[in-house]
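2 protein chains.
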Amino acid sequence: MDKKKKQQSTEEKILAAARKVFTTKGMDGARMQDIADEAGINKALLHYYFRDKGKLFETVFLEEAQKFFPKINSIFSSELPLFEKIEKFVHEYIDEMLENPYLPWFVMNEINRDPEQFMYRIWGKENLPQPSKFLEQMDKEVRKGTIKKISPVHLFLHIVSMTIFPFVAKPMITRNLQLDELQFRQILEQRRKEIPRFIFDAIKK
Amino acid sequence: MDKKKKQQSTEEKILAAARKVFTTKGMDGARMQDIADEAGINKALLHYYFRDKGKLFETVFLEEAQKFFPKINSIFSSELPLFEKIEKFVHEYIDEMLENPYLPWFVMNEINRDPEQFMYRIWGKENLPQPSKFLEQMDKEVRKGTIKKISPVHLFLHIVSMTIFPFVAKPMITRNLQLDELQFRQILEQRRKEIPRFIFDAIKK
DNA sequence: GTCTATAATTTGATAGAC
DNA sequence: GTCTATCAAATTATAGAC
Chain C
150 MDKKKKQQST
160 EEKILAAARK
170 VFTTKGMDGA
180 RMQDIADEAG
190 INKALLHYYF
200 RDKGKLFETV
210 FLEEAQKFFP
220 KINSIFSSEL
230 PLFEKIEKFV
240 HEYIDEMLEN
250 PYLPWFVMNE
260 INRDPEQFMY
270 RIWGKENLPQ
280 PSKFLEQMDK
290 EVRKGTIKKI
300 SPVHLFLHIV
310 SMTIFPFVAK
320 PMITRNLQLD
330 ELQFRQILEQ
340 RRKEIPRFIF
350 DAIKK
Chain Z
150 MDKKKKQQST
160 EEKILAAARK
170 VFTTKGMDGA
180 RMQDIADEAG
190 INKALLHYYF
200 RDKGKLFETV
210 FLEEAQKFFP
220 KINSIFSSEL
230 PLFEKIEKFV
240 HEYIDEMLEN
250 PYLPWFVMNE
260 INRDPEQFMY
270 RIWGKENLPQ
280 PSKFLEQMDK
290 EVRKGTIKKI
300 SPVHLFLHIV
310 SMTIFPFVAK
320 PMITRNLQLD
330 ELQFRQILEQ
340 RRKEIPRFIF
350 DAIKK
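Chains as they are written, first to last, in this note's numbering: chain C, 150 to 354; chain Z, 150 to 354.
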């Protein structure tokens, strides 16, 4: 990491530092001084590259949100069979979050802070994600009798909840279950297979 | 609400106002002026009753955290049979959160901000919650062959995730599924029955 | 206990030298 | 492009009158 810092442009150093500070402290908690220190420069340079705190934050946030959301939609609206689709979603999502564990908390936290602004910025008004295709697919399987009767909306919520929640609630979980970093990570890795398995058991006939 | 404000003591008015502001904006985003305005008093009085912002926040936070956590432990360590225990947990938790929808986001958000400080304050070092009893109970059922083979830790995570996550991710969910307030609330109410049902289907033999 | 006025501090932002 | 020094605004906290 430190090796590469020399090669990084100042702008890249700032963005990396801002990412780190914003994702741990949030927009309100983050201090420009913290970011400058983390980047090994001074505050004035932050304003030289990015006009103000808001602009810097927005750059970081949109960048991160793009990692978090678009994958959901591309998988859910693909042409895969239901079970494979669920499996792929869980796998790819957990993998992504294992690499960026701060991501879900950061994104959800900032969306909560100002839902309209950010949801709009991420998708725009016409570019809404369409889980409807996935919901219809589930509905079709139910009517075909391939899987048990279940509300597609609830099944969708079950899947997303089991996948994402442990990452958001990490401090609660590690404390309650007395887990160290390694144990927690191992459990998350296990969930890649455990969640699809659990769902299949619940809805297969 | 406004009727009672006359009867409320100033301290109660402050706490109610602080609760409202802190739970929506968080510790960093909250302004003492906002709280004073919300309480219908001036800033100086806030400091008269609570030395500083940190003390006021801590009072509110610990009060709220006590609503959120202890119930988990009391239910999980009770003597109920497994299925009833799961059902009771989901019911009571969703009911609690339907009344205080901001609760899970607020508590988890502030714990993420400073895990050590708050986790310690909530339980202390010796007073750790003991989901172990619940985990053992699940393990026993598995070994008896009453339910399918499943890791107790994962089952625990499944239950908690499905129950709490939708409350934390409300803005994401309502936007993605195009739900209005009422529809969202109805779905949450449905989950009281849906989650236990789903779990039973997954683990019953 | 409650208020107004003000101090003290924090922090985002800019000016200007190099 | 980068730095030091400084300003301006926002925000917490206190002094002191009533």
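Quick reminder that beta carbons are idealized off the backbone N, C-alpha and C, glycines included.
These numbers were taken from a predicted model, which means no experiment stands behind them.
Where residue i falls: helix, strand or coil (DSSP)
i	result
residue 353 of chain C	strand
residue 322 of chain C	helix
residue 296 of chain C	strand
residue 335 of chain Z	helix
residue 211 of chain C	helix
residue 189 of chain C	coil
residue 328 of chain Z	coil
residue 162 of chain Z	helix
residue 201 of chain C	coil
residue 249 of chain Z	coil
residue 301 of chain C	helix
residue 167 of chain C	helix
residue 153 of chain C	Caution is warranted here: a pLDDT of 48 is assigned to residue 153 of chain C, below 50, making its placement in the model unreliable, and the coordinate value is therefore given only provisionally. Three-state DSSP puts residue 153 of chain C in a helix.
residue 263 of chain Z	coil
residue 226 of chain Z	coil
residue 273 of chain Z	coil
residue 180 of chain C	coil
residue 314 of chain C	helix
residue 345 of chain Z	helix
residue 279 of chain Z	coil
residue 218 of chain C	coil
residue 308 of chain Z	helix
Environment of residue i [buried if 16+ CB atoms lie within 10 Å]
i	result
residue 150 of chain C	Confidence in residue 150 of chain C is poor, its pLDDT being 45 and thus under 50, which makes the residue's placement too unreliable to answer from.
residue 153 of chain C	Confidence at residue 153 of chain C is low in this model, with a pLDDT of 48, below 50, so the placement of that residue is unreliable and no value is reported for it.
residue 159 of chain Z	exposed
residue 342 of chain Z	exposed
residue 335 of chain C	exposed
residue 324 of chain C	buried
residue 200 of chain Z	exposed
residue 290 of chain C	buried
residue 193 of chain C	exposed
residue 293 of chain Z	exposed
residue 280 of chain C	buried
residue 219 of chain C	exposed
residue 253 of chain Z	buried
residue 310 of chain Z	buried
Cross-chain neighbours of residue i in chain C, by beta carbon under 7 Å
i	result
residue 324 of chain Z	268
residue 219 of chain Z	Correct list: empty, because the minimum Cβ distance to chain C is about 12 Å.
residue 310 of chain Z	310, 311, 314 and 315
residue 321 of chain Z	257 and 260
residue 241 of chain Z	Neighbours of residue 241 of chain Z on chain C: none; closest Cβ ~17 Å, over 7 Å.
residue 161 of chain Z	In chain order: nothing, as chain C lies at least about 27 Å away.
Amino acids of chain Z, ordered along the chain, whose beta-carbon sits closer than 7 Å to that of residue i
i	result
residue 317 of chain C	257 and 317
residue 313 of chain C	314
residue 351 of chain C	347, 350 and 351
residue 287 of chain C	Under the 7 Å cutoff, chain Z gives no residues; its nearest Cβ is about 13 Å from residue 287 of chain C.
residue 330 of chain C	Residues of chain Z passing the Cβ test: none, with the nearest at roughly 12 Å.
residue 233 of chain C	Residues of chain Z passing the Cβ test: none, with the nearest at roughly 19 Å.
Listed by chain order, chain C residues near residue i by CB distance under 8 Å
i	result
residue 177 of chain Z	174, 175, 177 and 178
residue 187 of chain Z	Within 8 Å Cβ-Cβ: nothing; residue 187 of chain Z doesn't reach chain C, min ~18 Å.
Residue i: contacting residues in chain Z (beta-carbon distance under 8 Å)
i	result
residue 336 of chain C	302, 303 and 306
residue 340 of chain C	303 and 306
residue 226 of chain C	Under the 8 Å cutoff, chain Z gives no residues; its nearest Cβ is about 12 Å from residue 226 of chain C.
residue 280 of chain C	325 and 326
residue 93 of chain C	Given that chain C is displayed from residue 150 to residue 354, the structure contains no residue 93 of chain C and the question cannot be resolved.
residue 207 of chain C	Per Cβ cutoff of 8 Å: no residues; residue 207 of chain C is ~17 Å from chain Z at best.
residue 236 of chain C	Those within 8 Å of residue 236 of chain C in chain Z number zero; the least Cβ separation is about 16 Å.
residue 212 of chain C	Within 8 Å Cβ-Cβ: nothing; residue 212 of chain C doesn't reach chain Z, min ~18 Å.
Contact list for residue i against chain C, beta-carbon separation under 9 Å
i	result
residue 249 of chain Z	Chain C residues near residue 249 of chain Z: none, gap ~15 Å exceeds 9 Å.
residue 262 of chain Z	173, 174, 175 and 178
residue 290 of chain Z	Result: empty, since nearest Cβ-Cβ is about 15 Å, beyond 9 Å.
residue 245 of chain Z	Here the premise fails: no neighbours, minimum Cβ distance about 16 Å.
Neighbour list for residue i in chain Z, Cβ cutoff strictly below 9 Å
i	result
residue 298 of chain C	Going along chain Z, no residue has its Cβ under 9 Å from residue 298 of chain C, so there is no contact; the nearest lies around 10 Å.
residue 181 of chain C	Those within 9 Å of residue 181 of chain C in chain Z number zero; the least Cβ separation is about 14 Å.
Practice task
Kindly confirm or deny that the region 161 to 168 of chain C and the region 203 to 219 of chain C touch, where touching means at least three C-beta pairs closer than 8 Å.
Solution key: yes
Exercise for the section: Decide if the region 240 to 260 of chain Z is in contact with the region 172 to 182 of chain Z; the criterion is three or more beta carbon pairs, one per stretch, under 8 Å apart. Expected result: yes
Exercise for the section: Assess, as a yes-or-no matter, whether the region 246 to 253 of chain Z is touched by the region 196 to 207 of chain Z under the definition of 3 or more beta carbon pairs within less than 8 Å. Expected result: no
Exercise for the section: Please confirm if the region 345 to 352 of chain C is in contact with the region 298 to 311 of chain C, defined as three or more CB-CB distances below 8 Å between the two stretches. Expected result: yes
Exercise for the section: Spell out a yes or no on whether the region 325 to 333 of chain Z and the region 260 to 271 of chain Z are touching, meaning 3 or more CB-CB pairs, one atom from each, closer than 8 Å. Expected result: no
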